[in-house]
Amino acid sequence: MELEAAVRADDTAEFLRDFMSPCFRSPSCEWGSAVAKGPLTNADRAIRQLVWKWLYLPQRASSDIIYISHRQGGANVPHMGDLCDIATVTHAFHLLTCPDRKVRTIANATLKETVGKRAARAPAPQDTIAFLNGSLENDLGRQGGEMSSLWSRAATRRLGKRIGCHWTWAEEREEMGILIPRINSDQNTVVIPPARKLLERVLKSTLRCLYAENLKKKPDQGKVFEVSSKWTASNHFLSGRSFTRFIDWRFVHRARLNCIPLNEAARFGNRDKRCRRCGYENETLPHVLCGCETHSGAWLLRHNAIQDRVVKALPPTLGTVMEDSVVLGTNSLLRPDIVITNEEVKKIIMVDVSVPFENQSAAFQAARLWKIVKYTPLADTLRGYSVEIYTLLVGALGSWDPQNELVLEAYGIGKKYTGLMRQLMVSDTFWWSRDIYTEHVMGHRQYQDTQNN
Ligand SMILES: [Zn+2]
């Protein structure tokens with residue numbers, strides 16, 4: 026309203042000067058997009074509770090998952106406090122680099138005035154950059170120089186501590202920019218005035234990456250996420266909910282964050298931690314889904330569900346398909362899951378399907394290596410053929426291994442169907458895992474074994 030009044034009075038320049046200038050009237054007097062953090066903190070707390078309810082997560086679940094993108098397996102909900110910090114920095118950068126010369130001149134003049142009052146001298150461009158970076162060194166830290174303004178709030182002190190971003194000055198071009206380091210990389214993104222519109226997007230994306238990296242570092246809750254965050258297909262159900270039952274939804278988020286109630290997870294007392302079905306010393310989720318022999322029948326059905334999806338998608342021109350069979354013309358008793366033989370071009374493609382638990386990427390690498398060691402001697406006996414060995418891995422909690430793309434390429438399956446096939450395989454896997462877990466705890470059969478009926 027004040028801005029509109031100023032425009033009507035054709036007094037825009039004076040209004041903008043007041044809007045951006047340091048405020049001396051009272052310590053609590055705020056101008057220029059100042060937002061109180063208290064209500065935002067309360068809003069973040071309320072949102073966190075609602076998202077935990079939506080994802081069926083207990084209170085001990087990591088809150089990082091809330092702020093991570095759907096592509097990586099998070100709820101993709103913004104953090105209000107972060108948005109406030111980003112909006113303040115972006116607003117200041119947009120004013121200082123505004124294409125409108127009048128706005129830009131006033132913004133730079135009021136910034137220079139603020140820095141000059143803080144340092145009690147005429148500031149150089151480097152002083153202005155140091156001020157915007159929240160520096161309290163030399164003259165900028167002198168007693169009595171503190172004052173509240175849009176420019177003091179635009180200091181990247183808080184964001185800088187978290188993601189290392191800071192204002193920069195390019196001497197040769199005489200222009201300012203904001204440098205944002207990429208998370209888990211030595212490279213940086215520098216947003217300069219011609220690309221000013223990108224600043225908000227880059228800061229938001231960097232903070233989302235930060236939350237994801239924080240979660241990966243958690244040894245208990247982050248080990249599945251480290252694998253499931255690698256490929257969008259692993260998290261397709263978060264935005265579309267395709268092929269996902271409500272019971273799977275209630276299971277999969279808890280399971281991926283290892284917040285499932287099992288004997289090993291008991292935090293208090295001297296509760297028996299052994300498996301309630303087979304007596305194994307630790308009843309953990311990896312044991313239930315991939316180690317407890319009681320469920321070996323269900324593991325086979327889970328494995329076959331994935332294998333069937335692949336076989337149905339194979340183009341007939343690829344060759345003769347054999348499933349779970351010894352390879353003809355050899356003495357080996359090994360039975361790869363799928364063997365495709367093309368006699369015309371003398372080529373054999375062997376594929377084995379595996380469903381390991383997502384105990385970080387190392388578990389997937391070990392499963393893949395084991396399959397290669399197992400089938401390489403068989404491949405060596407197939408003289409006269411070019412033999413390719415592949416492993417298709419889908420984690421027990423629906424993590425799609427990026428190296429599966431090599432298998433899909435080798436099959437020559439159309440791109441349109443591969444997208445759907447990935448989603449179906451991911452959903453099949455956690456459908457089965459949910460049924461295995463529930464049967465383990467409840468003791469009631471959760472599925473129909475149609476293959477053996
Ligand atoms: Zn067991």
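Residue 26 is where the sequence shown starts when you use this note's numbering, and the numbers rise one by one after that. The beta carbon of each residue, even a glycine, is placed where N, CA and C say it ideally should be.
Along the chain, where does the beta strand (DSSP E) containing residue 251 start, and where does it finish? Looking at the DSSP string, residue 251 is not in any beta strand (DSSP E); the run it does join, the alpha helix (DSSP H), is 248-253.
Proximity below 7 angstroms, CB of residue 252 to CB of residue 424: yes
Cβ of residue 462 within 6 angstroms of any heavy atom in ligand 1? no
With distances taken from CA atoms, which of 390, 418, 240 is nearest residue 92? 240
Outcome for residue 197 when other beta-carbon atoms lying within 10 angstroms are tallied against a minimum of 16: exposed
Can you determine whether any heavy atom of ligand 1 sits closer than 6 angstroms to the C-beta of residue 415, and answer yes or no? no
Residues whose Cβ lies closer than 5 angstroms to any heavy atom of ligand 1, in chain order: 300, 302, 303, 305, 317
Alpha-carbon to alpha-carbon, residue 178 and residue 50: In this prediction, residue 50 scores a pLDDT of 40, lower than 50, which makes its location untrustworthy; no coordinate-derived value is stated.
Report the residue from 382, 332, 445, 419 whose alpha carbon sits nearest the alpha carbon of residue 361. 332
Determine the direct distance from the alpha carbon of residue 66 to that of residue 132, and round the result to whole angstroms. 30 angstroms
Work out the CA separation of residue 409 and residue 368 for me, nearest whole Å. 10 angstroms
Report the option in 204, 418, 437 whose CA atom is closest to the CA atom of residue 428. 418
Could you say which of 403, 420, 437 lies nearest to residue 311 if we only look at CA atoms? 420
Work out the CA separation of residue 212 and residue 102 for me, nearest whole Å. 27 angstroms
Specify, as a first and last residue, the run of the beta strand (DSSP E) that residue 416 falls within. 411-418
Using three-state DSSP, classify residue 407 as helix, strand or coil. coil
For residue 425, which residues does DSSP report across the bridge? 419
Provide the residue(s) that pair with residue 377 in DSSP beta bridges, ordered along the chain. 416
Is it right to say residue 289 is buried, meaning 16 or more other beta carbons lie within 10 angstroms of its own, or is it exposed? buried
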